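Notes to accompany the following structure.
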Amino acid sequence: MNTDAHSLEFHLADEEATSELGARLARALDSVKSEILEKGLNIKLVGDLGAGKTYLMRSALRALGFEGRVKSPTFSLLETYKVDGFTVNHFDFYRFEDPVEFEEAGFRENYGPGRVVASEWTSKAEPFVPQPDLTITLKNEGDGRVCDISADSALGNQVLEVLKK
Numbered sequence: 024m025n026t027d028a029h030s031l032e033f034h035l036a037d038e039e040a041t042s043e044l045g046a047r048l049a050r051a052l053d054s055v056k057s058e059i060l061e062k063g064l065n066i067k068l069v070g071d072l073g074a075g076k077t078y079l080m081r082s083a084l085r086a087l088g089f090e091g092r093v094k095s096p097t098f099s100l101l102e103t104y105k106v107d108g109f110t111v112n113h114f115d116f117y118r119f120e121d122p123v124e125f126e127e128a129g130f131r132e133n134y135g136p137g138r139v140v141a142s143e144w145t146s147k148a149e150p151f152v153p154q155p156d157l158t159i160t161l162k163n164e165g166d167g168r169v170c171d172i173s174a175d176s177a178l179g180n181q182v183l184e185v186l187k188k
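Under this note's numbering, think of the first position of the sequence shown as 24, with each following residue one higher.
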């Protein structure tokens, strides 16, 4: 793990390492639950197809206690999960042809207090998507992956501090 004031870099050798990072992310989210309940938390997921964005979220959801099926939102656009004390909304905007589709679909109501929102292909819905608190970038590298997590807000910095431990 490499670190600076507002970002962390993890080298993930395999799926197990990605699962462990998902569990760490879950612990970090749980540590800021009161802020999530008050304001919500937005995560921008960045990476090519197959980079592990959904796998990371699945691992975090499992660590948060969700026991049901965790699907990629590529075709449904949104998958919603109830976990201990808050809701996780997982978006995938890959199929958007125009950012205004975000507003037309009424997706803004899925953001805010009591919600963690993780969105893939966020650039296809900008400028309508609320600003992220965290940006998680996954890149394939050799047989593994590199994951960069950067804070985009004070709340994001709180999450990073827990992830450093």
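Ideal Cβ positions, reconstructed from N, Cα and C, are used throughout, including at glycine.
Since the model is a prediction, treat every value here as computed from it, not as a measurement.
Beta-carbon contacts of residue i that lie in its chain and below 6 Å, excluding the five residues immediately before and after
i: Asp-107; result: Gly-88
i: Val-69; result: Thr-160
i: Val-185; result: Ala-51 and Ser-54
Length of the line joining the Cα atoms of residue i and residue j
i: Gln-154; j: Thr-160; result: 16 Å
i: Phe-130; j: His-113; result: 11 Å
i: Lys-188; j: Met-80; result: 20 Å
i: Ala-36; j: Pro-96; result: 25 Å
i: Ser-54; j: Asp-171; result: 20 Å
i: Phe-119; j: Glu-43; result: 31 Å
i: Glu-173; j: Val-182; result: In the sequence as displayed, the identity of residue 173 is Ser instead of Glu. Cα to Cα, the separation comes out at about 10 Å.
i: Lys-162; j: His-34; result: 10 Å
i: Ser-30; j: Arg-92; result: 31 Å
i: Thr-41; j: Glu-132; result: 30 Å
Within 8 Å, strictly: CB atoms of residue i and residue j
i: Ala-86; j: Ala-49; result: yes
i: Tyr-134; j: Asn-180; result: no
i: Tyr-104; j: Leu-72; result: no
i: Glu-143; j: Pro-122; result: no
i: Val-152; j: Thr-145; result: yes
As assigned by DSSP and simplified to three states, the class of residue i
i: Lys-162; result: strand
i: Lys-76; result: helix
i: Ser-176; result: coil
i: Val-185; result: helix
i: Val-152; result: coil
i: Phe-130; result: helix
i: Leu-100; result: coil
i: Leu-87; result: coil
Which residues DSSP lists as bridging residue i, in chain order
i: Gly-167; result: Glu-164
i: Val-93; result: DSSP, once it has assigned bridges, lists no residue as partnering Val-93.
i: Ser-142; result: Lys-67 and Phe-114
Proximity test, Cβ basis, 8 Å: residue i and chain D
i: Val-169; result: The chain labelled as chain D is not found in the depicted structure, where only one protein chain is given.
Same chain only: Cβ atoms within 7 Å of residue i, ignoring 5 sequence neighbours per side
i: Pro-136; result: Leu-60, Glu-61, Lys-62 and Gly-63
Distance cut-off 7 Å: residue i Cβ against heavy atoms of the ligand COA
i: Leu-64; result: Although the ligand COA was asked about, the structure shown includes no ligands whatsoever.
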